[in-house]
Structure formats: structure tokens, C-alpha cells
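> Under numbering that gives the first Met the number 0, think of the first position of the sequence shown as 0, with each following residue one higher.
Every residue, glycine too, gets a C-beta built ideally from N, C-alpha and C.
Note that the structure is predicted; figures quoted are calculated from it, not measured.
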Amino acid sequence: MQRPSLRRLLDQGLGAKLTLVTAPAGFGKSMLITEWIREQSYAYGWISLDERDNILVRFMEYLIAALRTIQPGLCDSVLQNIQETRNFSAETAMTLLMNEVQALNQEIIIILDDYHVICEPSIHHGLTFLLTYLPRNMHLVIASRSEPKLPLSAILARRQFVRISANDLRFTADEIRELFELTVEKRLTMEELACLERRTEGWIAGLQMILLSGGEYGVNTKETDLVINPFNHLII
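1. Buried or exposed: Ile54, going by 16 or more other Cβ atoms within 10 Å of its Cβ?
2. For Leu133 versus Lys28, is the C-beta spacing smaller than 7 Å?
3. Taking the alpha-carbon of Glu38 as reference, which of Ala64, Glu60, Ala65, Arg7 has the nearest alpha-carbon?
4. So who's on the other strand from Arg19, going by DSSP bridges?
5. In whole angstroms, give me the CA-to-CA distance for Leu181 and Phe160.
6. Compute the beta-carbon to beta-carbon distance between Ile69 and Ile107, rounded to the nearest angstrom, for a pair I have assumed lies under 8 Å.
7. With which residues is Ser47 paired in a DSSP beta bridge?
8. Enumerate in chain order the residues of its own chain whose CB-to-CB distance from Leu195 is below 6 Å, with the five nearest sequence positions on each side excluded.
9. So Gly25 packs on Ile163, CB below 8 Å; how close in whole Å?
10. How far does the alpha helix (DSSP H) with Ser4 in it extend, from its first residue to its last?
11. What would DSSP say about Ala102, mapped onto helix, strand or coil?
12. Relative to the alpha-carbon of Leu130, which residue among Leu103, Leu5, Thr18, Arg2 has its alpha-carbon at the smallest distance?
13. Taking three-plus beta-carbon pairs below 8 Å as touching, is the stretch 116-124 in contact with the stretch 93-104?
14. In its own chain, which residues sit with a C-beta less than 8 Å from the C-beta of Asn136, not counting the 5 before and 5 after it?
15. If you reduce the DSSP assignment to three classes, tell me which class Ala24 lands in.
16. Using the C-alpha atoms, what's the distance from Gln1 back to Leu167?
17. From Thr127 to Ala92, what does the alpha carbon distance come to, in whole angstroms?
18. Quick one: using the 10 Å Cβ neighbour count with 16 as the cut-off for buried, is Gly205 buried or exposed?
19. Could you confirm whether any beta carbon from chain B is found closer than 7 Å to the beta carbon of Arg144?
20. Taking the C-alpha atoms as reference points, what is the distance between Asp10 and Tyr41?
21. Taking 7 Å as the cut-off, decide whether the C-beta atoms of Phe65 and Ile36 are in contact.
22. Ordered along the chain, which non-local residues of its own chain (more than five positions away) have a Cβ less than 6 Å from that of Lys221?
Take a look at the structure:
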């Protein structure tokens, strides 16, 4: 279903350097970005990170690979430099990369998904440098379960940063009603709607669990029904 307010925030972010989407697991961060990016005219590259990516050279290789999905062969010299140079400088590598991106005759978006897994200081430093001198034709979108170790205050002070938080991602009562009507063609009573909103707190994973049951589980307003705690479930 469409969520115009969130789409507007993502669109607004294109006028800044960074869009940051932070929320615990199960709030639909990746789903939101996926649905939004498919409607954009911008070329984009997507990087899905995991714990094994806490190595600067690997992170840079993935960043270059994402750029190559936009234009094959882009950053060949940068890739060669980082693979052949021991203890290469993140700032030097990012500078070379930005020079090539700036020469592109198109606007691009790079999405870093699951950035919360990154704990390597050299990667944070390199990304900070990239954000500081980001080419005008490049925009970053970061999805994370926690606040990344980046100079967000300084970026925000320059109005170059748009944030979407868990509170933004929570479904409102009207959105819950629409979700049930569109998905399982169920029209909720006011009592059922209030119960769902109270117990799930707009948590999309909790709502999806109910929808998977055909929309019948947990719509009773009794206190024994709908025992769902979003932070007691592991949602990938």
C-alpha cells in the first residue's frame, strides 16, 4: 500500500546529502526503500551489508560494485589502487571515487542497507569523508537498526540530512484500516482497530503476522488476545 507521507520524506531527502532510515528489525525499512526506489528515475546501486563486511577494502569493493551496476567499468583505477596498495588511505580512495562519480552525467543514489553491522572505524571515517565532500550528483540512503557513528549533527546543521525514524514508520490507525481492507478485505470495527493499534503500536511485522493468519488472529478486544511484543520477535 502507498504511504505518501513517507514517500514525501524520501523525495525530500534527494535534495540533501543523506537520507537515514533508522528503526528496529521488522519496521519495514528495506521494504519502504525498495518500493520507493523502483519509482525513481535516478540510477541506483544497492549494498546489503553483513558482519563480514567490517574490512575497509571489502567495503570499498562493494561500493565500487554498486557504482558499476550504474555504469560498467566505473572506478576501475580506484579498484586497482585499493587492491594493490597496502594500508591505503580511505580518504584517498574516496577522493578518487568521487572524481569519477562527479564526471558522470547523471544523478545517482547509493543505498547502504543494514549499516548497523558496521563497527570498523576506518569505514566510518571513509564514509564521513565521502559525506563531507559528496558530489552534487550523488545521494546516500542508509538503513540501520541503530544510529550510525557518523557526524550527523554537523550534517543536520547544514540541512543536508533527512531522518526517518521508527515513529515515522509506525502505521497509523487509518493505515492499519486500509492495510486490512486491501490485504484481506476485512473491515475492522472501531474496537478491533483500537486493539490492533494499541497492541502492535503500528509495528508492521506484528500486523503482517496477523494478516498471515487471514486477519482473524488478535482482532478481539479481550486482554488475552493479540499478545504481540515487537521486541520479543526476531524478524529479519
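So, from the data block:
1. Counting every other CB atom within 10 Å of its CB across the protein chains shown gives Ile54 a total below 16, marking it as exposed.
2. Taking 7 Å as the cut-off, the beta carbon of Leu133 is found no closer than this to the beta carbon of Lys28.
3. Residue nearest to Glu38 within the set Ala64, Glu60, Ala65, Arg7 is Arg7 (criterion: CA-CA distance).
4. According to the sequence provided, residue 19 is Leu. The question's Arg does not apply to it. BP columns for Leu19 point to Ile141, Arg162.
5. Straight-line spacing of the CA atoms in Leu181 and Phe160 works out to 34 Å.
6. Right, the Cβ-Cβ distance comes to about 6 Å (below 8 Å), so this counts as a contact.
7. Asp112.
8. Close CB contacts of Leu195 within its chain, under the 6 Å cut and outside five residues either way in sequence, are with Ile175 (chain order).
9. So it is not a contact: roughly 15 Å between Cβ atoms.
10. Residues 3-12.
11. Reduced to three states, the DSSP call for Ala102 is coil.
12. The candidate whose alpha carbon is nearest that of Leu130 is Thr18.
13. Result no; under three Cβ-Cβ pairs closer than 8 Å.
14. Correct list, in chain order: Val100, Gln101, Leu103, Gln105, Glu106, Ile107.
15. Here Ala24 sits in coil by DSSP.
16. Just to set this straight, residue 167 is Asp in the shown sequence, not Leu. When rounded, the distance between both Cα atoms is 14 Å.
17. Taking the straight line joining both Cα atoms gives about 13 Å.
18. Buried, since its Cβ has 16 or more Cβ neighbours within 10 Å.
19. Given the protein chain composition of this structure (a single chain), no chain B is represented.
20. If I take the Cα positions, the gap works out to 11 Å.
21. Residue identity check: residue 65 is Ala in the sequence provided, not Phe. Here Ala65 is not near Ile36, since their CB atoms are 7 Å or more apart.
22. The pLDDT assigned to Lys221 is 43, lower than 50, so where the model puts this residue is not dependable; a value taken from the coordinates is nonetheless given after this. For Lys221, where only same-chain residues beyond five positions count, there are no Cβ hits under 6 Å.
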